[in-house]
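S.K.: I have a structure here, written as structure tokens, and I will follow up with some questions on it.
Protein chains: 4
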Amino acid sequence: MKAETIAINGITLIDGTDAKPLENASILIEDGKFVRIEESPVERFEADTVIDGRGKYAMPGLMDANVHLTDGLSLTNNFGGIEYLARYEGRLKEICEEAAQLALKYGTTTVFDTGNAYRPIIGARDAINAGKVVGSRIYAAGAIIGQSGPFTRDFMVDARTRATKRFADRIDALWEWPGLGGELLLMDIEQVADRVQQHVETDIDLAKVFVTDHLVSSFQNSTAYLQFSERVLERIFSIVQGAGLKLVTHTSSIESLNTVVELGADVMVHHNVTQQVPMPDSLIEKVAAYRGWGAPQPTTNRFQHGMEAIGHGWARYGGGAHRYNLERLIEAGANLCLATDACESDTDRLADFSPEELQDRPWDLGRGSVYWLRAMVETGMSSHQALRGGTRDVAIAYGVDDKLGTVEVGKIADILVLDADPIADVGNVARLNTVIKDGGIIDTAALPDNPVATVDGIFD
Amino acid sequence: MKAETIAINGITLIDGTDAKPLENASILIEDGKFVRIEESPVERFEADTVIDGRGKYAMPGLMDANVHLTDGLSLTNNFGGIEYLARYEGRLKEICEEAAQLALKYGTTTVFDTGNAYRPIIGARDAINAGKVVGSRIYAAGAIIGQSGPFTRDFMVDARTRATKRFADRIDALWEWPGLGGELLLMDIEQVADRVQQHVETDIDLAKVFVTDHLVSSFQNSTAYLQFSERVLERIFSIVQGAGLKLVTHTSSIESLNTVVELGADVMVHHNVTQQVPMPDSLIEKVAAYRGWGAPQPTTNRFQHGMEAIGHGWARYGGGAHRYNLERLIEAGANLCLATDACESDTDRLADFSPEELQDRPWDLGRGSVYWLRAMVETGMSSHQALRGGTRDVAIAYGVDDKLGTVEVGKIADILVLDADPIADVGNVARLNTVIKDGGIIDTAALPDNPVATVDGIFD
Amino acid sequence: MKAETIAINGITLIDGTDAKPLENASILIEDGKFVRIEESPVERFEADTVIDGRGKYAMPGLMDANVHLTDGLSLTNNFGGIEYLARYEGRLKEICEEAAQLALKYGTTTVFDTGNAYRPIIGARDAINAGKVVGSRIYAAGAIIGQSGPFTRDFMVDARTRATKRFADRIDALWEWPGLGGELLLMDIEQVADRVQQHVETDIDLAKVFVTDHLVSSFQNSTAYLQFSERVLERIFSIVQGAGLKLVTHTSSIESLNTVVELGADVMVHHNVTQQVPMPDSLIEKVAAYRGWGAPQPTTNRFQHGMEAIGHGWARYGGGAHRYNLERLIEAGANLCLATDACESDTDRLADFSPEELQDRPWDLGRGSVYWLRAMVETGMSSHQALRGGTRDVAIAYGVDDKLGTVEVGKIADILVLDADPIADVGNVARLNTVIKDGGIIDTAALPDNPVATVDGIFD
Amino acid sequence: MKAETIAINGITLIDGTDAKPLENASILIEDGKFVRIEESPVERFEADTVIDGRGKYAMPGLMDANVHLTDGLSLTNNFGGIEYLARYEGRLKEICEEAAQLALKYGTTTVFDTGNAYRPIIGARDAINAGKVVGSRIYAAGAIIGQSGPFTRDFMVDARTRATKRFADRIDALWEWPGLGGELLLMDIEQVADRVQQHVETDIDLAKVFVTDHLVSSFQNSTAYLQFSERVLERIFSIVQGAGLKLVTHTSSIESLNTVVELGADVMVHHNVTQQVPMPDSLIEKVAAYRGWGAPQPTTNRFQHGMEAIGHGWARYGGGAHRYNLERLIEAGANLCLATDACESDTDRLADFSPEELQDRPWDLGRGSVYWLRAMVETGMSSHQALRGGTRDVAIAYGVDDKLGTVEVGKIADILVLDADPIADVGNVARLNTVIKDGGIIDTAALPDNPVATVDGIFD
């Protein structure tokens, strides 16, 4: 699949840095890396494959700071969760691979899976990284510290009353491995430390903590209980960061956000979500001054209007104070990078959505990255900022900017060729012409190449 | 699989008729039929396969007047139903075949599936009858007249709140095909007649009607609403019986039983179940004098004591007035034949049962037939009566006694060889030595040969 | 309260018969009865009280064939039922009296309570009939044959999980007395007959049977199971009608309606409600030719539009096939009389209703009678027919037309004086000037005079 | 009611201090206080009322550090809560008074109501303190900081689906007044501080904080989420204690207990309850060394065995690690005082309890104090320690030991006369002969003198 050398000649390059676009640039890719980038070159590069970039635009492959490559949506409410898990148990690694292919198909070349069943996600990551399977590059957190499995209050609160115990136990164990579930909330600090130590010693790439609760099906996301005391959190942070891993936090209130800023979180997922309480100015300033990265999840105006028009609960997610928080964070210059919380829903689940739910659905794996860019521009960012937020900034947030996130000589050759200018209209990132990952052209039309959840079955 | 000829020499034969056991009998089987049966023969039969029957006992293959070859149990309550359907959707024909193999493994050579999804059960029936798949001979009713699918009040009342609509619709349509669900209760009599006519014109072998409701998950089986008016029932009976099919009824009260006796039902499933109301003497007499067959579902003392000891809801099923009704029906000489309502639960479901629930479980596909025999003897039948009830009487009830149900020359060669005397102890039917069906020896140890629900998965 | 004699002079009289309005009529009332009615009299009547009827309109007091003088609404769903029963237990007779006063306040001088807790409703009836309490004249059915209490599947299906057992048992017993609950469905026909016999021997005025189920909170009124077999129904009808009582039926399907017409029901409550299945022409004709009375519950266009606009479940009640059935019954000339199924909701319950729910609410005790008149005219009746349906026809249906229902000499003096012409616009019945019941002028402004559920409490 | 002077002569006095019992003591009470206490006096005291104490035992009136004088039990689960609130709304002050009378009837002369609807409890407190109503002396916390009302996740999670909104809103506002509900968890620290400041400026006597969640009906008390961050808690503590009020904490995990010890809680309710996680030794030591008071809620062996025999969820409350924690706290010499969490259930609620639930029920208002004493002796305390824990130590914990808690000259005359020796058997505190409160003899037989919830109604 990987061409030996690729040249892209005469293209307008937005390289992901603060630099302004290079018009008439030529790029040479060898051995999976950018080896030469020339501004207005007298002569074009030769290569095994030559792409005529005239009238086209190049930018780094998109990076998503927060995905879950199984169907988190089905797990986080009671609609379809048991069905989903029973249907795909035993094929979850394939599901993760299929999801990584959906991401790649729409231009996201790197994803950070911040919480998933360890075995399937690590299996998929390794298969892709080893080149056995095509897909978006995966960095994986495995299980989340302090998150119980699908058949618990953290996901589907009473699903156990509808499933066999053995199945539910098996699934919960898979999702909590190596023992990171809710029992940590009741444990002695030393026991918690032992579990987290065990976790960071596995081959995960990052670690995530549930700072506030995840009672999504019990109380419609309206709560923000704290899961850990400050001294326990400090200990967890210290173990994770001491092991050289980036620490991702889940918060859902202004007070919990304040705490994780105090404690030094690296990536703060949906930190603009504060149960509709506007952040006080002092907190906006504190976050804006902070070195860590927010990974907010805005909604496009079109999606938001759709939700409000049909009185949908999702209107609460990206609207009201949550949007207001984000507007002020942008204005204050806070660190903000692309994150969608996207996941892969199967065809049965998707068939249940209304047109309003489907339009610019923020959790749409793949297309969601572009919705993020558009939503951020609608919320106050410039196109340039948004594009940087969706590429270089994710790389910085996770400490992989030495090799990913920009189109610069020496970096890994993840690059998108677009048919229209993303600076003029950031939505043009959807006008994908070519996706190159690791220096190879991806046959996006062929993805997913082993359909599992995207297949429309004929059953008897 | 089928030996060309089989001889069983010197065996004690209980032939399924009213005749007393033939000691020292020899039996010759050719082309799937009994061709010679000799009493105390001077010389033994020669054959491709010769079985030395000395010290052994032979009886007709068991016949079960009421099974459901998918997991009716999971469907009729909320524990595990969604999981079961999601896990096995697309493999339901295989499930039915596996279930038919479990029945055969334990000596039941013919089963009457009185209600199931049409396509899988007919598919399995045809595969077995064509000799493509080993298994108990299946006679199938397809869907039940007036029964809605799994995702309705007739089974799992609120399961739709936990599943995708598309999945639930697909499953319900499968189970109600060709449109026999609860909408019939609201229709005009002519519309009902049209639907039933359409049903009997398919290739079903028998037909079943829900005379009373099946609100099993809403009200713990405590209700007995009538589904159809008397004139609508008359019309249904007339269409079914006019098409030459036997009509099976589901009743759950003394009044509904009275009605179906008046209307001329052929097989009355669990007619002893009357919401714990004892049948009045007049009803006992009426049923005893009636030509149709009751297909009661007794429980063994051991099972009953277990249920009562742990205060289990199942204690209500076979105990109290339901047992008292049955004792009086036996005493009054009513027609009663073997029926278990058995189904095939998967390994996850079975793992959830307590030891008390598993012991002599009446709905245990295969073993359940012997529990029926034991339970009926405990309730007042002689061994001889019970054995006839489990063989010949089922054949008479369904009008197939010209070819099945007894060991007589000219009949299909379904025969069990036992290591101990079933007249002395009817439980000895469990001491199976050899199962012969259609004149072939069954390799029971190899069954099920394509395990689906009985497999214990290793998952990732 | 009762004036010795009352004269109404010079009024336009719609007397409730088929006669056309008498212009310039004078009416003399003595001892609670109409004693003289003169057409265009030369001289006016003298009396203790003389009403100048010039420019005004007189009509008989309205009669409602179907009310429940406690809050049936709260009982039939889970919103507020436990609260209502706990708050008013011990004061239910007062509630019934208050409700009868609300009816009277808006011109309904006679109500038929077709189902209620026996003791409170009979207590209220007797207090009003004895003149101890002002209120609409009550005819009462007591409990309904085959209806279980509020804490059962017939009303609030799982309310027992939220209440103490002693309270729930006490309330259920009150509502089912003398033992008419769902256990009848399981009983032997002779036992059912005994219970019904016991019931008709109490001092009830009429009797009602649940022919179809009342599973209102389990399945959103979508079911129509039959409660009794035809022979049991025949027996019930025979006992009730044999005791000289009118028999009222609750049906909810075309087949159950056909049955009660066959069996000879006197009053058929909401017989147009057929689970949205249009009645076949043959049934329309059969009902139109039938001597018994339908008591349909139409909705006004305004209410119906409101319900449809907000997607309310109540839209199903009076719309679609239910309205179409009614249009055809009117066109076919079927017997149809006023019935509202109205009940008295308390102030907390009313505060929960949306504006759409409150506007022309068909179950509004008192005002609901006028909504019925308007709705029937909108559905196809003439004003004259509708007025007759709300007065004389109810009296005929219940066999009390010898004394009630029309303004004729010798009848009980229940009469309304209106400020505008109800023939021109039937809604003018709401323009009440004076209500006279039993020959006495009612101080409607003072009603209810002992507020219980209509009071707006101040609590600590 | 109050005798002018009372003398108790020749009694054995356990005075509530560390002193050993005074045999043959005489006590003189005047103006509500102890004025003379003589050891082995030559002559007995004269008084308006003279009690012959020979063969009897005197001890201080019992004090209960944790009660709720309405029915917390009904509120904290879904059984009976709506019913209770609807039945008694408008009479809650009377309920509190009745409850205080039940406490007094069984010898508890002072109760600390640590959480209740403000208006009723303060009303009852003031009525009793002003001498208008007899009853146990009440110190009241009003609402709990961070606790939402009965119709919320903190009590009856889905009760709003069964009640009118107006009623539920009214009740919740009553319980949360002046705005201390769950919204505090989402607020900015300054807003929280404002609310708490407003609270301490009312006329409450103490204040309580929910440090961990109260999700009692959602998750069967299995959770221990933190409600407030450490800095918010510090601020709350500072405001409460700065206002001179004692601060009471609700914790339910070892980590939350550690936090409140660090922050300086005064009274730690049920601090032995740690979701069945045994306290680490370091925590036992820390608590034992701490100046604040634990108010544990042990169960008697008899109650515990009953709960375990019937597999009752309450077995979890006082058994396993919770008892083990308590044994070790006693052994380590931790401060421990009497607290029952008792409340007043009504007759309907009590009728629902099984015999096992009623026997030594720890939450039995009145009798529960003696069950506490017995349970603590069974868990390792001496009788002497337990008696001190139930009298003097509560006074110390709440800083009222200058006037209450011991039988010493100058203190308020709350004293119990017993017929048997409580040192020999602490259960003898139940053998009450005379209760004196504020220097007056209480007619315990007449209590409650205005029965509300204890009345057994006759209803129609």
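Going down the list, the protein sequences come from chains A, B, C and D. Under my numbering, the residues of the first sequence are numbered 14 to 473, in order. Under my numbering, the residues of the second sequence are numbered 14 to 473, in order. Under my numbering, the residues of the third sequence are numbered 14 to 473, in order. Under my numbering, the residues of the fourth sequence are numbered 14 to 473, in order. Don't be surprised by glycine CBs; every beta carbon is placed ideally from N, CA and C. Just so we're clear, the structure is a prediction, and the values are computed from it rather than from any experiment.
How about GLN240(C): is its C-beta nearer than 8 Å to some C-beta of chain B?
M.R.: GLN240(C) counts as touching chain B.
S.K.: Short check: CB of LYS433(C) to CB of TYR70(C), under 8 Å?
M.R.: Checking the sequence, you will find Ala at residue 433(C) rather than Lys. Result yes, Cβ atoms of ALA433(C) and TYR70(C) sit closer than 8 Å.
S.K.: Can you find a C-beta in chain B that's less than 8 Å from the C-beta of GLU96(A)?
M.R.: By this cut-off, GLU96(A) is an interface position.
S.K.: With 8 Å as the limit, tell me which residues of the stretch 76-95 of chain D have their beta carbon closer than that to any beta carbon of chain C; keep them in chain order.
M.R.: Those residues of the stretch 76-95 of chain D that come within reach of chain C (Cβ to Cβ, closer than 8 Å) are ASN91, PHE92, GLY93, GLY94 and ILE95.
S.K.: If I measure Cβ to Cβ from HIS397(B) and keep anything under 7 Å in the same chain, skipping five residues before and after, which residues do I get?
M.R.: The residues are ILE436.
S.K.: Is there a Cβ from chain C that is less than 8 Å from the Cβ of LEU199(B)?
M.R.: Output row for LEU199(B): interface = yes.
S.K.: Could you check whether the Cβ of LYS145(A) sits closer than 8 Å to any Cβ belonging to chain B?
M.R.: Not one chain B Cβ lies under 8 Å of LYS145(A).
S.K.: Straight-line CA distance for LEU386(D) to ASP294(D)?
M.R.: Spanning the two alpha carbons is a distance of roughly 25 Å.
S.K.: Over the uninterrupted beta strand (DSSP E) stretch that includes HIS227(A), give me the two end residues.
M.R.: Element bounds for HIS227(A): n/a, residue is neither H nor E.
S.K.: Does any residue of chain A have a CB that is nearer than 8 Å to the CB of ARG362(D)?
M.R.: It does not; no Cβ of chain A falls within 8 Å.
S.K.: Between THR225(A), VAL430(A) and VAL420(A), which has its C-alpha nearest ASP31(A)'s C-alpha?
M.R.: Residue VAL420(A) is the option with its Cα nearest to ASP31(A).
S.K.: Helix, strand or coil for HIS397(B)? Go by DSSP, reduced to three states.
M.R.: It is helical.
S.K.: Along chain D, in chain order, which residues have C-beta atoms closer than 8 Å to that of ALA237(A)?
M.R.: LEU198 and LEU199, listed in chain order.
S.K.: May I ask you to report which of helix, strand or coil DSSP gives TYR119(A)?
M.R.: Residue state, collapsed to three classes: coil.
S.K.: Quick one: using the 10 Å Cβ neighbour count with 16 as the cut-off for buried, is THR312(A) buried or exposed?
M.R.: Answer is buried; the Cβ neighbour count reaches 16.
S.K.: Which residue's Cα is closest to the Cα of ASP365(D): THR177(C), THR121(C) and GLY74(C)?
M.R.: The residue with the shortest Cα to Cα distance from ASP365(D) is THR177(C).
S.K.: What residue range does the beta strand (DSSP E) around GLY23(D) cover?
M.R.: Where GLY23(D) is concerned, the enclosing beta strand (DSSP E) stretches over 18-26.
S.K.: If you run the structure through DSSP and keep just helix, strand and coil, what is ASN79(A)?
M.R.: Note: ASN79(A) maps to strand in three-state DSSP.
S.K.: Could you tell me which uninterrupted alpha helix (DSSP H) segments, each at least 4 residues in length, are contained entirely in the stretch 374-452 of chain B, listed from first to last along the chain?
M.R.: Counting only runs of 4 or more, we get 380-392, 396-402 and 405-410.
S.K.: Using a 10 Å radius around the Cβ and a threshold of 16 neighbouring Cβ atoms, would you call ARG49(D) buried or exposed?
M.R.: Answer is exposed; the Cβ neighbour count stays below 16.
S.K.: Give me the chain D residues within the contact set of VAL290(A), using Cβ-Cβ distance strictly less than 8 Å, ordered along the chain.
M.R.: Correct list: LEU199, MET200 and ASP201.
S.K.: Please list, in chain order, the chain C residues whose beta carbon lies closer than 9 Å to that of THR272(B).
M.R.: Residues of chain C passing the Cβ test: SER242, GLU243 and ARG244.
S.K.: Pick helix, strand or coil for SER269(A), following the three-state DSSP scheme.
M.R.: Residue state, collapsed to three classes: helix.
S.K.: Quick check: GLN211(B) and PRO191(B), are their CB atoms within less than 8 Å of each other?
M.R.: In this structure, PRO191(B) lies closer than 8 Å to GLN211(B) by Cβ.
S.K.: Which of the three DSSP states is assigned to ALA32(B) in this structure?
M.R.: ALA32(B): coil per DSSP, three-state reduction.
S.K.: Whole angstroms are fine: how far does the CA of ASP84(D) sit from the CA of ALA345(D)?
M.R.: Cα-Cα distance, rounded: 34 Å.
S.K.: Quick one: give me the first and last residue of the beta strand (DSSP E) that PRO133(A) is part of.
M.R.: Looking at the DSSP string, PRO133(A) is not in any beta strand (DSSP E); the run it does join, the alpha helix (DSSP H), is 131-142.
S.K.: Looking at the structure shown, is MET547(B) part of a helix, part of a strand, or coil, going by DSSP?
M.R.: Look at the range of chain B in this structure, 14 to 473, and you will see that residue 547(B) is not part of it.
S.K.: Determine the contact status of GLU111(D) and VAL465(D), defining contact as a CB-CB distance below 8 Å.
M.R.: In this structure, VAL465(D) lies closer than 8 Å to GLU111(D) by Cβ.
S.K.: Are the stretch 212-226 of chain A and the stretch 263-272 of chain A touching, with three or more C-beta to C-beta distances below 8 Å?
M.R.: With the cut-off at 8 Å, the stretch 212-226 of chain A and the stretch 263-272 of chain A touch.
S.K.: Of all the residues that make up the stretch 20-31 of chain D, which are near chain C by a beta-carbon distance shorter than 7 Å?
M.R.: Under the 7 Å Cβ criterion, the stretch 20-31 of chain D contributes no residue.
S.K.: With DSSP collapsed to three states, give me the class of ASP456(D).
M.R.: If DSSP states are grouped into helix, strand and coil, ASP456(D) belongs with coil.
S.K.: For PHE125(D), decide whether its Cβ has a neighbour in chain A, counting only Cβ atoms nearer than 8 Å.
M.R.: Answer no: the Cβ-Cβ gap between PHE125(D) and chain A never drops below 8 Å.
S.K.: Since PHE125(C) and TYR411(C) are thought to touch, with beta carbons under 8 Å apart, how far apart are those beta carbons, to the nearest angstrom?
M.R.: Indeed they touch by this definition, with Cβ atoms about 6 Å apart.
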